[in-house]
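Residues 445 to 899 in my numbering are what the sequence shown spells out, letter by letter.
Ideal Cβ positions, reconstructed from N, Cα and C, are used throughout, including at glycine.
Okay, structure first, notes after.
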Amino acid sequence: MTMRYARMIPLLLILALSGPAVAETYEHRLANGLRVIVKEDRRAPTAVHMVWYRVGSMDETNGSTGVAHVLEHMMFKGTPSVGPGEFNRRVAAAGGRDNAFTSRDYTAYFQQVPKERLPEMMQLEADRMRHLTLDEREFSQEIRVVMEERRLRTEDQPQALLFERLSAMAFQSHPYRAPIIGWMSDLESMTVADARHWYERWYAPNNAYVIVVGDVEHQAVFRLAEQHYGQLPARESGSTKPQVEPAQAGLRRLVVKAPAELPIVMMAYKVPVIRDLERDIDPYALEMLSAVLAGHDAARLSRNLVRQQRLAVDAAASYDSTSRGPGLFYLYGSPSEGKTRAEFEAGMRAELARVQNDGVAADELARAKAQLIAAQIYKLDSMFAQAMEIGQLESVGIAHAQHRRMIDKLQAVTAEQVQGVARKYFVDDVLTVGELEPQPLPRSPRPRSPFVGRH
């Protein structure tokens, strides 16, 4: 098994570096500061067009949580030349699809269309980058949509609710403690003036970058960008003061009671993320530890806790080495019927202890590497995924061209480094544990609000 997976990794890398999906990217910066990144992919006559703004929920302040996401909704409410809802209709009429998403670190908008409709998409995005109509009546309707979205996706979802409360306890001062969608009280008091202030502060070409991936010619895309985005003036954009999370000095624990079928346990350890791509070692080793624990069907947590011990219905690990803010490594799942939350937590701790004490076998690490690196490479099959990869790296300050170097760094992780990070970071002093205590389910579901809908 060791040789099989050891041979598989170089093969995957050869495929990654030789295929048309990883063609060279091209970059151009307009005079107003907007960066345009183009990746040519000729496999289908389509193009993905994305606009990324360097602002997310972590840039919000207390009392205004959720405003980044609310403005994302308002970006579909029209400009003087494009009426409310017309943006979506025009993309659909072009034979494409579109949407947007807000994260802690960024806000992004995309369209995937036949390549000949790319100029129209640039025209639409450039228009709302500067000329958005923020109408009070439209805002009052859309804020109700967002509040209902919060009820449906967080308050009525026990795992999401537990994750929200866990984050609020794990982070004491950093903005990551607030949910992306915002606290309900902040949404209830939000006004159209708050959204307008956010728009004026952050939505400028010098605080954005455009990504185009598809059957395009990069110089032609640069000319289109000059034509549509180049006319927008640069503006002084906002800045966020550093908010350093104080060092945690002891175990934190909370219990959330909510209607649910099963109990849930979440364990979150404070860990580093990539800050220096070349010098950092631990984030790559943590990625490998996550893969060893839960990176495939035969990984440790599923094999040991679910199938062999029958201690858990499900057991998983999650870690993202790239973010603007501090990092957390999550272990979570639900105990089997007849097992307690304490027994599930003890099982998770035992799996970590095995890595800390005994390390990982060479074939086990080779398999985890093959699975993790394959997942990175398979992303390249999709134009949208390629654009997302570029955008997410750039959003946290990592040059998109360094993606291959990150794969090299993952491949270089040793078993000793995986054991080392398990020993270094997985201690109670930096652990926050959240438990969901199930309450009886309602006899009938809450009625769905008529305000919920697409942008």
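Using the C-alpha atoms, what's the distance from residue j back to residue i?
{"i": "Val877", "j": "His618", "result": "18 Å"}
{"i": "Pro563", "j": "Tyr774", "result": "43 Å"}
{"i": "Val589", "j": "Arg597", "result": "12 Å"}
{"i": "Ala756", "j": "Lys823", "result": "30 Å"}
{"i": "Gly803", "j": "Ala812", "result": "14 Å"}
{"i": "Gly835", "j": "Leu568", "result": "20 Å"}
{"i": "Gln863", "j": "Ala856", "result": "14 Å"}
{"i": "His672", "j": "Gln692", "result": "48 Å"}
{"i": "Thr551", "j": "Gln753", "result": "43 Å"}
{"i": "Ile587", "j": "Ser633", "result": "10 Å"}
{"i": "Arg761", "j": "Tyr776", "result": "According to the sequence displayed, residue 761 carries Ala and not Arg. C-alpha separation (whole angstroms): 6 Å."}
{"i": "Arg751", "j": "Leu809", "result": "21 Å"}
{"i": "Glu838", "j": "Lys521", "result": "28 Å"}
{"i": "Val715", "j": "Gln663", "result": "42 Å"}
{"i": "Leu749", "j": "Tyr713", "result": "20 Å"}
{"i": "Val656", "j": "Phe666", "result": "10 Å"}
{"i": "Thr784", "j": "His517", "result": "42 Å"}
{"i": "Ser778", "j": "Phe870", "result": "20 Å"}
{"i": "Glu879", "j": "Gln616", "result": "19 Å"}
{"i": "Ser547", "j": "Arg887", "result": "34 Å"}
{"i": "Tyr449", "j": "Gly791", "result": "Note that Tyr449 scores a pLDDT of 48, beneath 50, so its modelled location is shaky; the value from the coordinates is reported in the next line. Spanning the two alpha carbons is a distance of roughly 28 Å."}
{"i": "Gln883", "j": "Gly477", "result": "53 Å"}
{"i": "Met519", "j": "Leu676", "result": "17 Å"}
{"i": "Gln417", "j": "His472", "result": "It is not possible to answer for residue 417, since the shown part of the chain is limited to 445 through 899."}
{"i": "Ser681", "j": "Met591", "result": "28 Å"}
{"i": "Gly529", "j": "Tyr653", "result": "24 Å"}
{"i": "Leu631", "j": "Asp571", "result": "27 Å"}
Across which residues does DSSP place residue i in a beta bridge pair?
{"i": "Pro779", "result": "Ala756"}
{"i": "Pro882", "result": "Ala702"}
{"i": "Arg473", "result": "Arg479"}
{"i": "Asn543", "result": "Phe554"}
{"i": "Met494", "result": "Phe554, Ile655"}
{"i": "Leu772", "result": "Lys714"}
{"i": "Ala761", "result": "Leu775"}
{"i": "Glu484", "result": "Gly658"}
{"i": "Arg697", "result": "Val877"}
Within 10 Å of its beta-carbon, does residue i have 16 or more other beta-carbons around it, so buried, or fewer, so exposed?
{"i": "Gly658", "result": "buried"}
{"i": "Ala738", "result": "buried"}
{"i": "Ala639", "result": "buried"}
{"i": "Glu560", "result": "exposed"}
{"i": "Asp872", "result": "exposed"}
{"i": "Arg498", "result": "buried"}
{"i": "Ser746", "result": "buried"}
{"i": "Asn651", "result": "buried"}
{"i": "Gln556", "result": "buried"}
{"i": "His575", "result": "exposed"}
{"i": "Gly914", "result": "The chain is shown from 445 up to 899; residue 914 falls before or after that span and cannot be answered."}
{"i": "Arg487", "result": "exposed"}
{"i": "Asp741", "result": "exposed"}
{"i": "Val699", "result": "exposed"}
{"i": "Ser629", "result": "exposed"}
{"i": "Arg768", "result": "buried"}
{"i": "Ser525", "result": "exposed"}
{"i": "Ala704", "result": "buried"}
{"i": "Ala759", "result": "buried"}
{"i": "Gly841", "result": "exposed"}
{"i": "Val688", "result": "exposed"}
{"i": "Gly782", "result": "exposed"}
{"i": "Ser584", "result": "exposed"}
Beta-carbon within less than 7 Å of residue i's beta-carbon, same chain only, minus the 5 sequence neighbours each way: which residues are those?
{"i": "Glu599", "result": "Leu605"}
{"i": "Arg867", "result": "Gln800"}
{"i": "Glu670", "result": "Leu474"}
Give every residue of the same chain whose Cβ lies closer than 6 Å to the Cβ of residue i, excluding the five residues on either side of it in the sequence, and list them in chain order.
{"i": "Gly674", "result": "Leu474"}
{"i": "Thr684", "result": "Asp503"}
{"i": "Tyr553", "result": "Val495, Ala544"}
{"i": "Ala622", "result": "Thr509"}
{"i": "Leu875", "result": "Leu695, Tyr713"}
{"i": "Met432", "result": "Because the chain is modelled from 445 through 899, residue 432 falls outside the range shown and cannot be assessed."}
Using a Cβ-Cβ cut-off of 8 Å (strictly less than) and excluding sequence neighbours within five positions of residue i, which residues of its own chain qualify?
{"i": "Ala465", "result": "At Ala465, the pLDDT of 44 sits below 50, so the modelled position is not reliable; the number obtained from the coordinates is stated separately. Within the same chain, Ala465 has close Cβ partners Asp485, Arg487, Leu824, Asp825, Gln830."}
{"i": "Leu816", "result": "Glu731, Met732, Ala735, Gly739, Leu854"}
{"i": "Leu578", "result": "Met518, Lys521, Val636, Ala639, Arg640, Tyr643"}
Relative to the ligand GTP, is the shortest distance from any of its heavy atoms to the C-beta of residue i smaller than 7 Å?
{"i": "Tyr653", "result": "What this structure holds is no ligand at all, so the ligand GTP is not there to describe."}
Exercise. Can we say the region 638-645 touches the region 474-487, given the rule of at least three CB pairs closer than 8 Å?
Worked result: Using a C-beta cut-off of 8 Å, the region 638-645 makes no contact with the region 474-487, since fewer than three inter-stretch Cβ pairs fall below that distance.
Exercise. Do three or more CB pairs link the region 721-732 to the region 840-860 at distances below 8 Å?
Worked result: Result yes; three or more Cβ-Cβ pairs closer than 8 Å.
Exercise. Should the region 627-639 be called in touch with the region 519-536, which here means at least 3 C-beta pairs below 8 Å?
Worked result: Segments in contact, no.
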